[in-house]
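Visitor: Sharing a structure, written as structure tokens. Questions coming.
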Amino acid sequence: MDYKRYLITAALPYANGPVHIGHLAGCYLPADIYTRYQRAQKRDVKFVCGSDEHGVPITIRAMKEGITPQDVVDKYHAIIKDSFKEMGISFDIYSRTSNKIHHETSQAFFTKLFNDGVFEERESEQYYDESKDIFLADRYIVGTCPICGNENAYGDQCEKCGSSLSPEQLLNPRSALSSAVPVKKRTKHWYFPLDKYEEWLKEWIVVGKKDEWKANVYGQCKSWLDSGLQPRAMTRDSTWGVPVPLPDAKGKVLYVWFDAPIGYISATKELTNQWSDYWCREDTKLVHFIGKDNIVFHCIIFPAMLKAHGGFVLPDNVPANEFLNIEGEKVSTSRNWAVWVDEYLKDFPGQQDALRYVLCANAPESKDNDFTWKDFQDRVNNELSAILGNFENRAFVLMHKLCKGRVPPLHSDALNDADKTLIQEIKNARVKTETCLENYKFRDGLFEVIDLARKGNKYLQDNAPWSLAKTPELQIENQKRIDICMHLCLQLTANLAILLNPFLPFTANKMCKKMKVVERMLDWENAGRIDLLKTNYPLLAPSLLFRKIEDAEVAAQVEKLRNNLKQATSTKMDTSTKAPENTAPVTIGTTTEPIADQPVIPIGKPVITIDDFMKIDLRVGTILKAEKVEKADKLIRLELDMGTEIRTVVSGIALHFKPEDIIGKQVTVVANLAPRKMKGIESNGMILMAQNGDGRLIFVSPLETADNGIEVR
RNA sequence: GGCGAGGUAGCUCAGGUGGUUAGAGCACAGGAUUCAUAACCCUGAGGUCGGGAGUUCAAGUCUCCUCCUCGCUACCA
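Residue 1563 in this note's numbering is what sits at position 557 of the first sequence, and the numbering runs on without skipping anything.
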């Protein structure tokens, strides 16, 4: 298809924290490179993004900090927007979902589907906080984790042991808003029948995108489609979000996953009156850049929504990247294990392109990748600086020394084979880079650019114009060779600026200034030409494009990471001001139902009386046997010597301990917990565990060996 | 447990439809050089392609089994 327009989106970052370099590498940088390339091709392109400002975690953060949700999103929207701007992520618009136009757009979208009878209405029982007069999403319910005993587990998941939970399972459930005990109440929601679009999706993706989409994206989609789709609620009981535009929907908002992708549309509307050209005409190429955690939403749910609405183009491609780890470990925002973009900008002022280079050269395009500061240093010093920066510098210095600071003539009648080969290589570099970019192979594309500089270095070395200048007796003949060599090196440098521009725009601009050419030279159509710089044209004096990264800087950054980690784990979790626990380059929501990853403020449990406490029968027991439960990842079946009896307890600790390592350990058991069947095994009690800040589980046991069965109080 | 994506030189990655001595960049070693950010240029060493079995004249590339990493999902209470 011959596309007339390009609409490029980058996942909406969740306005609950700053962005880190994983976000950049996974999503925003590739999107920006692609966009800049398309612009250089003079194609009609719009690059839209914005902050995703709805959802439960933001309301929770607001409560925690004693401010309004709007305050929260205002704060992070500003930080995020600034980080992107400073890094040169060249959105045509960076909008936000709290804007009026977004509310209107997403409501209109909902209304259209509603009027067309797309939704299924369903009533269900949901938890409700009577003191606050509000329905509670699972996330809003806090209680003690039945598995690890964490007192601040959420109704959907325990952050400490990773168990996924439902509110019913929590011990001492309470509302995160008021500490009231939640009650059940009927509520109505509107479900999008994804199942009805299953066949269509299969045809569109499984058949239609087989050889087009990346393996990781395609595979994930196929996996979902093969396992069958279910209707999904598109509304929530909440006050923070886009109100459901129906008369009987007071206190209900659009599910953040419904409204967020529509944010792409609203942002485009905000950008241009011609928005429908980009969204509604078949000859528009729509490309979503996201991280791997958002594949399902962008490849399945949103397209189904668009299809149901009708009149919209569907994504041509969704080149999702994997995750970027830091120094061998997964990014963790609660542990503050991340490299934050706003901090990088402070620590390395003017070094945006160094980071862009490394993140692109090491982008997690086909699998999770690792970012280390040592590697950052190596790549900047040994590739970017030594090969590309050095070549450019050599060309400038030699031109000034041997050609009086002016572009020497080419003497095209005197070209030798090596010259002609180089000219061909310059042309080839354009084609190679172009092919990579068109196919979302950004790291390969960047390699091709560096490779051209590499060829320049070799050419320069082979000609050694500095040597030619040392034999005055051959002056005339040699100067001709020097001219040709330097002329081509300078033209090659101009070409480098063009090819580099999508990847390293700051550098490309610097090069333009030094060559005293207008920015228009960077138009892609000029790549491959060797007449970009006019003969006899004077160029500016040499200056370095890149500086080296010192060992001390690397050491400092690594230490900073370790210190952050220490702080985050030694103090309470709520000191973290960073984004959701999410290594994803995208935060437009997560695949877990009620979104959100940010820990709730530990709200102390309500005061209890000694009588309440005495209801719990805590006893000491010794693990006699331990074996992993079949076909369950987390469960270990324990046999405990309780003094007077042997008890079977099933415990969700298999991710933390090997069965053989815990035999003989003495533990504290909640002995009068109601029996419960798990995987067909009846569990009679629960063993007490504490969880360390680093996530390790620790047995809560008597310090010295006690008699089995004795009571603990 | 199921599904998906990966596991190829120290590091990061290439390796359509199976076919000569498995490639690249960086790191490393030796050499050459001095125009240049001790940079560049040349040469070299480095891999039983996660492991095992099979199909084949021939497998990194196909089949089966198995181990490890990441993600989704199930189980979990």
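Ideal Cβ placement from N, Cα and C applies to all residues, glycine included. All values reported here derive from a predicted model rather than from experimental measurement.
Specify, as a first and last residue, the run of the alpha helix (DSSP H) that H1083 falls within.
Guide: 1075 to 1093
Visitor: For V1675 and F1705, which I take to be in contact (beta-carbon distance under 8 Å), what is that distance rounded to the nearest angstrom?
Guide: The pair is not a contact, with the Cβ atoms about 11 Å apart (cut-off 8 Å).
Visitor: Should Y1543 go down as buried or exposed, given a rule of 16 or more other Cβ atoms within 10 Å for buried?
Guide: exposed
Visitor: Is the region 1387 to 1397 touching the region 1413 to 1426 in the sense that three or more CB pairs, one from each, lie closer than 8 Å?
Guide: Too few Cβ pairs lie closer than 8 Å, so no.
Visitor: Given this structure, state the Cα-to-Cα distance separating R1067 from P1249, to the nearest angstrom.
Guide: 20 Å
Visitor: Is the beta carbon of A1017 sitting closer than 8 Å to the one on F1318?
Guide: no
Visitor: Can you give me the C-alpha to C-alpha distance between R1535 and N1022, rounded to a whole angstrom?
Guide: 47 Å
Visitor: Is the Cβ-Cβ distance between K1520 and F1402 less than 8 Å?
Guide: Yes, they are a contact pair.
Visitor: Among residues of its own chain, excluding the 5 on either side of V1437, which ones have a beta-carbon nearer than 6 Å to its beta-carbon?
Guide: Nothing meets the Cβ criterion.
Visitor: Excluding sequence positions up to five away, which residues of its chain have a Cβ less than 7 Å from the Cβ of E1127?
Guide: Excluding residues within five positions, the ones whose Cβ falls inside 7 Å are K1194, W1196.
Visitor: According to DSSP, W1285 sits in a beta bridge with which residue or residues?
Guide: None, per the DSSP bridge assignment.
Visitor: Going by C-alpha distance, which of L1207, L1394, V1124, Q1430 is nearest A1239?
Guide: Of the candidates L1207, L1394, V1124, Q1430, the residue whose Cα lies closest to the Cα of A1239 is V1124.
Visitor: Expressed to the nearest angstrom, what Euclidean distance is found between the alpha-carbon atoms of I1488 and E1556?
Guide: 35 Å
Visitor: I'd like the ranges of any alpha helix (DSSP H) spanning at least 4 consecutive residues and lying wholly in the region 1333 to 1368.
Guide: Listed in chain order, they are 1347 to 1353, 1358 to 1367.
Visitor: Around the Cβ of D1135, are there at least 16 other Cβ atoms within 10 angstroms (buried) or fewer (exposed)?
Guide: buried
Visitor: Take N1445 as the anchor and find which of V1293, Q1430, L1312, V1364 has the nearest alpha-carbon.
Guide: Per the Cα distances, V1293.
Visitor: From the DSSP output, in three-state form, read off V1051 for me.
Guide: strand
Visitor: When DSSP labels each residue in this structure, what does M1492 get in the three-state scheme?
Guide: helix
Visitor: Cα separation between R1011 and K1291?
Guide: 6 Å
Visitor: From L1709 to V1626, what distance separates their C-alpha atoms?
Guide: 11 Å
Visitor: Please report the distance separating the alpha-carbon of R1102 from that of I1268.
Guide: 11 Å
Visitor: For a test of the three-state rule: what should DSSP assign to P1179, helix, strand or coil?
Guide: P1179: strand per DSSP, three-state reduction.
Visitor: Given this structure, state the Cα-to-Cα distance separating R1362 from F1552, to the nearest angstrom.
Guide: 13 Å
Visitor: V1079 to Y1350, Cα distance in whole Å?
Guide: 22 Å
Visitor: Measuring only the C-alpha atoms, how far is A1114 from D1529?
Guide: Going from the Cα of A1114 to the Cα of D1529 covers about 40 Å.
Visitor: Out of L1505, A1712, I1332, which one is the CA nearest neighbour of Q1563?
Guide: For Q1563, the nearest C-alpha among the options comes from I1332.
Visitor: Would you mind giving the Cβ-Cβ distance between C1518 and L1452, rounded to the nearest angstrom? I have them listed as a contact below 8 Å.
Guide: Wrong, their Cβ atoms sit about 19 Å apart, outside the cutoff.
Visitor: So if DSSP puts W1196 in a beta bridge, which residue, or which two residues, is it bridged to?
Guide: E1127
Visitor: DSSP state of Q1672, grouped into three classes?
Guide: strand
Visitor: If you compare alpha carbons, which of L1231, T1117, H1108 is closest to L1252?
Guide: T1117
Visitor: Could you tell me whether any non-hydrogen atom of the ligand MG is closer than 7 Å to the CB of L1661?
Guide: Looking for the ligand MG in the displayed structure turns up nothing, as the structure carries no ligands at all.
Visitor: Buried or exposed for C1409, please, with buried defined as at least 16 other CB atoms from any protein chain shown within 10 angstroms of its CB.
Guide: buried
Visitor: Can you name, in chain order, every residue of its own chain whose Cβ lies under 6 Å from the Cβ of T1598, other than the five neighbours on each side?
Guide: Interpretation of T1598 is limited by its pLDDT of 29, a score under 50 that renders its predicted location unreliable; no figure is taken from the coordinates.
Visitor: Quick check on T1065: does DSSP put it in helix, strand or coil?
Guide: helix
Visitor: Identify, in the order they occur along the chain, each residue of the same chain with its Cβ nearer than 7 Å to the Cβ of P1019, setting aside the five sequence neighbours on each side.
Guide: V1025, H1029, S1057, D1058, I1086, T1593
Visitor: Using alpha carbons as the reference points, say which of L1443, W1219, Q1226, D1265 lies closest to T1241.
Guide: D1265
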